[in-house]
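Step one of this worksheet: look at the structure below.
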Amino acid sequence: MSDFAAVEVDGLVKDFKGSIRGKRVRAVDGVSLRIEPGEVYGLIGPNGSGKSTTMKAVLGLLKPTGGRCAVFGRDSSKVDSRSEVGFLPEAPYFYRHLSGRETVNFFGKLCGMRGRVLRDRVDDLLELVGLWEARDRRLRGYSKGMLQRVGLAQALVQDPSLVVLDEPTAGVDPAGSREIRDLIFGLKERGKTVFLCSHLLEQVQEVCDRVGIISGGRLVNEGSLDELLAVENEVELVLRDAPPELLEQIGALVRVTHGAEMVSAGRARTTLEGVFLRETGGES
Amino acid sequence: MSQSLFFSPRKMWVIAGSTVTQLVRMKVFYFLIPIALLFIGLQFVDGFWFNGPDMLLPEQELRAHKSWCLGTMMVFSSLFAIVATALLIPGDVEDRTLYSILCKPVPRLDYLVGKLLGVVVVIGVAVLVMDLLLVLTLHFRAEAKLAEMIELMKVMKVGPEEAEVVKRELAEHGSTWNLQAGVLAHFLRACVIAAVALLISTFSNSTIFTIATSVMVWVIGSFQSIARDGIFRSQEMGEELTWADRVLGTLISVVFPDFQLYEAVADGAARAQEIVMGDVGKLLGLTGLYVGIYVVISWFVFSDKEL
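Protein chains in written order, with the working numbering: chain A, 20 to 303; chain B, 10 to 316.
As structure tokens, this is what we get:
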């Protein structure tokens, strides 16, 4: 399995029938990307840019108009390509008449699991996503965040090698969001591949090894975070407990150095999420 | 962990089991309450109400009881088959539960057959309960009629041989295996209708459209033999059939299921006619053929459906 890329999208083109008769709309236009096993890859882009269409093609829910998608070397249109994939959809789409435990159990059975192995796995996952107390409640009584958690549990039920997450923290509070982020780190530590779609750029920046930016159906930029984020001719210096004299000396040194310019200086800032978690007693 | 095959019976049963749970939790079996009341109520309806002021013979009364009950079973099982199937698949597409299911290694055929199996199991349970009610109410009614007849024959001083014939005739109109063949015919018809609704729901995105079209197919399927007989009769009487009549007739015969045999078996059961096992076999074969054809077409349509 390791000889193949976890996900390989090669020249993906997808056209949809438009509302005007005969006119077709191109949602994805020649996207190619490769996600290596064990990598956390983030696909970002504005609404309608082709993220979800690309994701659906990888999951075999859509037939490409052109190009191909493969998961661990297996064509995405083939059912067996999905045996190593766990998918968390953006909005939780599950049977509301089932309880949390029944839901995870149902998806486990669809993956061919059964018996004690399945029971233990379901219990472990419900514990992991923090739904143990609510395990026997029907999903219609779950909040959006709880549905997202049960979605995560079902995505992981067969211990897949590739986890596809579409907006994993949508509707989840900051503490839950952090838990999901930690879970992604945990998956990465265990050698799992994560393919993530998110609007939360900060989150993508924090967890992803590589990022692809998609716009107008085309992959307009792709690379490792270091490559994408580095500003070639600028250096950032963060100091702790620096006295004003030291800052003055550094400023003076910059001023006398030909061609160098201090662009900004000020107090380092935390994130709003950091403040929120500190004030509400969440894990920091 | 099992690798996916062309299809997997176990996954079909998983989906069927979930469908049964879904329907049970939707409290669909509540519709059996008015049916139970109807069946019990029929017990107390005198033959007078069935056929005007002329009193019916006891066996005619029992036949009317069976006809009402079997007719009710047919209507409810068929409507249930349509509504349940039409609610489930378009419902899964509309609320996108289908995404989550098909993202697992589940062949689309397994999903379709699983859904159909689930509906068929629930119809089977519902028909079984209705059957039990029919057998019980018919038994009590037949016993009461027999007691009445014995009293009457005593008064009329009817000879033992003649009395035995009357008893036997009355027993033939009670709960017999022939009656079960009629119940089976209605169950099998409901299975075919569920398969039709399954096919329609694979290309329709609306529950209402699926229900309306399935009801239309059901009605046409129930009456197409009458229309066909009419055409043949016209032909026998020397009337020239137009080209349009021929095309329309052929198209209807090919596209719509023909429920004539189902009707004949159920009608025979109500009339206490002996049902030939060959007819039951034909019924099973025909049902298998219809369901098989509709499932295969559904699969072709559904396998190309983009979500």
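The beta-carbon is built from N, C-alpha and C at its ideal position, and this holds for glycine as well. Note that the structure is a prediction, hence the values are computed from the model and not measured.
Item, Value
"What is the C-beta distance between M74/A and C216/A, in whole angstroms, given that I count them as a contact (C-beta under 8 Å)?", "6 Å"
"Provide the residue span of the alpha helix (DSSP H) that contains I233/A, from first to last.", "Element bounds for I233/A: not the alpha helix (DSSP H) but the beta strand (DSSP E), R229 to S234."
"Which residue comes first and which comes last in the beta strand (DSSP E) that contains C88/A?", "G85 to V90"
"Going by CA-CA distance only, name the one from F265/B, A275/B and H148/B that's closest to Q233/B.", "F265/B"
"Could you please give the first and the last residue of the uninterrupted alpha helix (DSSP H) stretch that includes R135/A?", "G134 to L147"
"Verify whether the separation of the beta carbon atoms of T28/B and K154/B is less than 8 Å.", "no"
"Measure the alpha-carbon distance for V310/B versus T211/B and round it to whole angstroms.", "6 Å"
"One question on the structure: do D34/A and V26/A come within less than 8 Å of each other, judged by their Cβ atoms?", "no"
"Does any residue of chain B have a CB that is nearer than 8 Å to the CB of V101/A?", "Here residue 101/A turns out to be Arg, not Val, going by the sequence shown. Cβ-Cβ to chain B under 8 Å: yes for R101/A."
"What does a CB cutoff of less than 8 Å around L31/A pick up in its chain, not counting 5 residues either side in sequence?", "V47, G49, V50, S51, T73, A76, P83, G85, G86, R87 and C88"
"Whole angstroms are fine: how far does the CA of L316/B sit from the CA of S109/B?", "11 Å"
"From the beta carbon of F91/A, is the nearest beta carbon of chain B less than 8 Å away?", "no"
"Using a C-beta to C-beta distance shorter than 7 Å, which residues of chain B count as neighbours of Y112/A?", "D104, R105, T106, Y108 and S109"
"Output yes if chain B places a C-beta closer than 8 Å to the C-beta of K82/A; else output no.", "yes"
"Against K42/A, what residues of chain B qualify as contacts under a CB-to-CB distance less than 9 Å, listed in chain order?", "In chain order: nothing, as chain B lies at least about 18 Å away."
"Identify every run of the alpha helix (DSSP H) within the stretch 118-206 of chain B, keeping only runs that are complete inside it and at least 4 residues long; order them along the chain.", "169-181"
"Quick check on the burial criterion: 16 or more other C-beta atoms within 10 angstroms. Buried or exposed for R19/B?", "exposed"
"Looking only at its chain, what residues have a beta carbon closer than 8 Å to the beta carbon of V226/B, apart from the 5 residues adjacent to it on each side?", "I202, V205, I209, F265 and P266"
"Tell me the DSSP secondary structure of L107/A in three-state form.", "strand"
"Listing by chain order, which chain A residues have their CB less than 8 Å from the CB of R34/B?", "H116"
"By the three-class DSSP mapping on this structure, what secondary structure does T276/A have?", "coil"
"Could you check whether L207/B and L111/B sit closer than 8 Å to each other, using their CB atoms as the reference points?", "no"
"Residue range of the alpha helix (DSSP H) that N124/A falls in?", "G119 to L129"
"Could you tell me the alpha carbon to alpha carbon distance between E302/A and W151/A, rounded to whole angstroms?", "Summary for E302/A: the model assigns pLDDT 47, below 50, so the residue's position carries little reliability; its value from the coordinates is reported in the next sentence. Each residue's alpha carbon lies about 20 Å from the other."
"Which value, in whole angstroms, describes the spacing of the CA atoms of T331/B and G67/A?", "Given that chain B is displayed from residue 10 to residue 316, the structure contains no residue 331/B and the question cannot be resolved."
"According to DSSP, simplified to helix, strand and coil, what is F214/A?", "strand"
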